[in-house]
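Here the structure comes first, spelled out in C-alpha cells, and everything after it is commentary.
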Amino acid sequence: MSRIWLVFATVVVTLATLLLVYLLEVPLQVVLTVGFGALCLMWLVVLLTVPWNVYFGAWSLIHDIRLSRERGIEVPAERETEARRIARRMLVAAIAAHLVSAGVIAVITVFSGAEVGYYFVGFYLLSTFLRPAGAYFRHLRKRIAELGRETTHPRDDVLTLKERVAALEAGLKRHDEAREEADLAAAERAERTAAALEELRRESLDRDRALEAELDAVGRRFEDAISTLTDNQELIAGVKAFLRLVREQRA
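Under full-length UniProt numbering, the first residue of the sequence shown is numbered 1, with each subsequent residue one higher.
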C-alpha cells in the first residue's frame, strides 16, 4: 500500500511540475526551489519524529522500570540495560541525522545558489535542540500530573484497589464458569431423564399391548368354552341337579 501511495505522489508531483513549467510558464528554477523546500520540510518532519520517538520511548520504558521496582515488581536488569543502550544509540543517530542533513543542504545551497537553503540549514540545526526541549517540558508536565495523583491517591492504595478488583473479577469469572458448568450438567440430567421417561413410556405401551393380546386370547378361549357348554345343556342340567342334591343333604 505504501508503494502505491509513493507512486501516486510521484505522478502527482511530476504532473504539477509540468503544469507549472509548460502551461503556467513558471521558471524551472522556481519550481525546483519550491520542490527542494518541500522535500526538506518532509525530511525535517521525519527527523523530528522517527529517531526522537524511539529515544524518548526508551527513556519512558526506563522510567516505568523504576516505578515497577518501587512497587516491588522484579524487573530483570537486562531490560534496563538494553533500554539505555537503545536510548544512547537513538540519541547519537538523531543528532547525527540533523547535522548531516544540515551539512548536505548547506553544500547543495552553495552550489545551487538558492538562498532558501540556508534557512533550512538553520531549521535543521535549531530543531536538534527544540525537540528535546519540547519533550523535556512534556515530561515535566506528565511528572507533575503523576505527583498530583500520588498525593491525592497514593500509589500503594491504588495498587491494592486494583488487586482487589482483579480478585473480584477472577471470582466473578469462576462463578460464571461454575454456573455454566451447572447449567450444562442440569441440561444433561434433563436430557437423560427425558430419555428414561421415553423408554419407560415405550415399555409401558409394549406391556399394555401384550396384556391386551393376552386378554383377547383369554376372551376367545372363554367364548370357546361357553360355546362348548351351550352344546351340552343336558350335562349342565345334571350337574345342577347334583349340586342341589348335595346342598340339600348338607342342610
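Think of the CB as a built atom: it goes at the ideal place given N, C-alpha and C, for glycine as much as any other residue.
Using the rule of at least 16 other Cβ atoms within 10 Å of the residue's Cβ for burial, across every protein chain shown, is residue i buried or exposed?
| i | result |
| --- | --- |
| His-175 | exposed |
| Gly-103 | exposed |
| Ser-127 | buried |
| Ser-204 | exposed |
| Gly-148 | exposed |
| Arg-201 | exposed |
| Arg-71 | exposed |
| Leu-197 | exposed |
| Val-11 | Low confidence applies here, because Val-11 scores a pLDDT of 45, under 50, leaving its location unreliable; read the following figure in that light. It counts as exposed. |
| Tyr-118 | exposed |
| Leu-47 | buried |
Roughly how many angstroms separate the alpha carbons of residue i and residue j, rounded to a whole number?
| i | j | result |
| --- | --- | --- |
| Asp-208 | Glu-214 | 10 Å |
| Arg-189 | Glu-177 | 18 Å |
| Arg-69 | Glu-80 | 11 Å |
| Ile-144 | Ile-73 | 23 Å |
| Ser-112 | Ala-106 | 10 Å |
| Gly-134 | Val-121 | 20 Å |
| Cys-40 | Lys-162 | 49 Å |
| Val-165 | Asn-53 | 34 Å |
| Phe-129 | Ser-60 | 19 Å |
| Val-50 | Thr-160 | 38 Å |
| residue 252 | His-63 | Nothing about residue 252 can be reported from this structure: the residues present for the chain run from 1 to 251 only. |
| Glu-180 | Ala-167 | 20 Å |
| Met-42 | Tyr-124 | 12 Å |
| Glu-169 | Arg-138 | 35 Å |
| Ala-195 | Gly-171 | 36 Å |
| Leu-140 | Glu-146 | 10 Å |
| Leu-99 | Lys-173 | 57 Å |
| Lys-142 | Tyr-136 | 10 Å |
| residue 295 | Glu-115 | Outside the displayed span of the chain (1 to 251) sits residue 295, for which this structure offers no information. |
| Ala-97 | Ala-38 | 18 Å |
| Glu-191 | Asp-183 | 12 Å |
| Glu-199 | Asp-206 | 11 Å |
| Glu-212 | Ala-186 | 38 Å |
| Ala-210 | Ala-217 | 11 Å |
With DSSP collapsed to three states, give me the class of residue i.
| i | result |
| --- | --- |
| Glu-203 | helix |
| Val-75 | coil |
| Glu-198 | helix |
| Glu-214 | helix |
| Glu-163 | helix |
| Glu-115 | coil |
| Ala-182 | helix |
| Ala-93 | helix |
Sorted by chain position, which residues of the same chain lie with C-beta nearer than 8 Å to residue i's C-beta, five sequence neighbours on each side aside?
| i | result |
| --- | --- |
| Ile-65 | Val-75, Arg-79, Glu-80, Ala-83 |
| Ala-58 | Ala-83, Arg-84, Ile-86, Ala-87, Met-90 |
Please return the same chain residues whose Cβ sits closer than 6 Å to the Cβ of residue i, not counting the five positions on each side in sequence.
| i | result |
| --- | --- |
| Phe-8 | Note that Phe-8 scores a pLDDT of 49, beneath 50, so its modelled location is shaky and nothing firm can be said. |
| Thr-193 | none |
| Val-110 | none |
Output needed for residue i: all residues of its chain with C-beta closer than 7 Å, excluding positions within five of it in sequence on either side, in chain order.
| i | result |
| --- | --- |
| Tyr-55 | Ala-87, Met-90, Leu-91, Ala-94 |
| Leu-44 | Phe-123, Tyr-124, Ser-127 |
| Leu-67 | none |
| Ile-108 | Gly-117 |
Following a CB-centred definition, is residue i positioned closer than 7 Å to any heavy atom of the ligand HEM?
| i | result |
| --- | --- |
| Val-54 | Summarising the ligand content, the structure contains no ligands, and the ligand HEM is consequently not present. |
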